[in-house]
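Taken in order, these protein sequences are the chains called A and B. Residue 130 in the numbering used here sits at position 87 of the first sequence, with consecutive numbering throughout. Residue 53 in the numbering used here sits at position 48 of the second sequence, with consecutive numbering throughout. Backbone N, C-alpha and C fix where the C-beta goes; we use that ideal spot for every residue, glycine too. In what follows, a structure is listed as structure tokens, so that the remarks can point back to it.
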Amino acid sequence: AQSVSQHNHHVILSEAASLELGCNYSYGGTVNLFWYVQYPGQHLQLLLKYFSGDPLVKGIKGFEAEFIKSKFSFNLRKPSVQWSDTAEYFCAVNAEKDTGRRALTFGSGTRLQVQP
Amino acid sequence: DARVTQTPRDKVTEMGQEVTMRCQPILGHNTVFWYRQTMMQGLELLAYFRNRAPLDDSGMPKDRFSAEMPDATLATLKIQPSEPRDSAVYFCASGFWGGHRNTGELFFGEGSRLTVL
């Protein structure tokens with residue numbers, strides 16, 4: 044079945060530590076890939092997106108993600124996290140569903156807690 | 006700034022009551038999604054519309070949930086009758102998808118937090 048997997052459910056880091064959150068998808072065709080962030084009590088906001096071209100995508104607030112087609116992965120990275128990065132991070136894929144329609148499917152999310 | 010507007014922000018109701026949530030998508034967007042977020046299930050796609058036509062509502066419990074877009078500026082999600090297990094945050098999101106502009110990017114509203122007692 045088509046799916047988006049985020050393997051890390053809860054990550055705790057100290058400030059200045061490096062971050063990498065995993066995302067894998069199972070769609071075989073062309074996909075658009077996204078990372079969304081949800082700060083506590085807020086709605087989802089787009090962090091970065093990949094449509095085509097350079098597989099290394101840079102987003103807001105120092106985040107980047109790398110699309111590795113052979114691994115069906117789109118991992119999110121940040122070299123040095125801040126306390127304000129505490130949030131839930133969702134990987135999402137825009138691909139054709141079983142119904143033949145294209146929809147945005149989200150992973151289960153990774154809760155990042157950054158300790159000062 | 007253009008944004009997706011949802012009402013109500015918070016709703017507390019009793020089991021069996023009808024609940025209607027409303028969403029005003031961003032002007033010019035042709036695709037509207039309804040998602041439900043809970044601690045246990047995460048983000049679940051309930052239904053979505055393209056140019057006001059329902060494309061997929063397979064994620065929605067049909068016996069009690071209904072979603073409509075009476076016009077391009079309004080999407081509604083109705084639960085009748087509501088049950089405690091419906092307690093969640095319901096997000097509406099809009100985007101411009103299709104053709105050469107099939108970006109897949111969505112803009113989310115602030116959500117409607119529903120509590121069914």
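Using the Cβ count rule (16 or more neighbours within 10 Å means buried), how would you classify residue 13 of chain B?
By 1-based counting over the second sequence, the position of residue 13 of chain B is 8. Around the CB of residue 13 of chain B, fewer than 16 other CB atoms lie within 10 Å, so the residue is classed as exposed.
Where does the unbroken beta strand (DSSP E) through residue 2 of chain B begin, and where does it stop?
One cannot answer for residue 2 of chain B here, as it falls past the ends of chain B, which runs 6 to 122.
Starting from the beta carbon of residue 116 of chain A, find every residue of chain B whose beta carbon is closer than 7 Å, and list them in chain order.
Against the first sequence, residue 116 of chain A aligns to sequence position 73. By Cβ distance, chain B contributes nothing, its closest Cβ being about 18 Å from residue 116 of chain A, past 7 Å.
So which residues of chain B does residue 86 of chain A contact, with C-beta pairs closer than 8 Å?
Stepping through the first sequence from its first residue, residue 86 of chain A is reached at position 43. Neighbours of residue 86 of chain A on chain B, chain order: 96, 113, 114, 115 and 116.
Cross-chain neighbours of residue 38 of chain B in chain A, by beta carbon under 9 Å
Position 33 of the second sequence, counting from 1, holds the residue named residue 38 of chain B. Within 9 Å Cβ-Cβ: 146 and 147.
Taking only beta carbons into account, state which residues of the stretch 70–88 of chain B come closer than 8 Å to chain A, listed in chain order.
The stretch 70–88 of chain B vs chain A, Cβ under 8 Å: nothing.
Per DSSP, which residues does residue 57 of chain A bridge with? Please list them.
For this step, residue 57 of chain A is matched to residue 14 along the first sequence. Answer is A/158.
So, for residue 75 of chain A: in the same chain, excluding its five sequence neighbours on each side, which residues have a beta-carbon less than 6 Å away from its beta-carbon?
As a position in the first sequence, residue 75 of chain A is number 32, starting the count at 1. Excluding positions up to five away in sequence, the list reads 94 and 137.
Cβ pair residue 54 of chain A, residue 129 of chain A closer than 8 Å:
Counting from one through the first sequence, the residue named residue 54 of chain A turns up at place 11. Counting from one through the first sequence, the residue named residue 129 of chain A turns up at place 86. No, they are not a contact pair.
What distance in whole Å lies between the Cβ atoms of residue 21 of chain B and residue 86 of chain B, which are believed to be in contact at a cut-off of 8 Å?
Here residue 86 of chain B corresponds to residue number 81 of the second sequence, with the count starting at 1. Here residue 21 of chain B corresponds to residue number 16 of the second sequence, with the count starting at 1. Residue 86 of chain B to residue 21 of chain B, Cβ: 4 Å. Contact.
Identity of the residue in B/100, B/82 and B/60 nearest residue 70 of chain B by Cα
By 1-based counting over the second sequence, the position of residue 70 of chain B is 65. It is B/82.
Indicate whether residue 111 of chain A and residue 98 of chain A have their beta-carbon atoms separated by less than 8 Å.
Here residue 111 of chain A is taken as the residue at index 68 of the first sequence, counted from 1. Here residue 98 of chain A is taken as the residue at index 55 of the first sequence, counted from 1. Yes.
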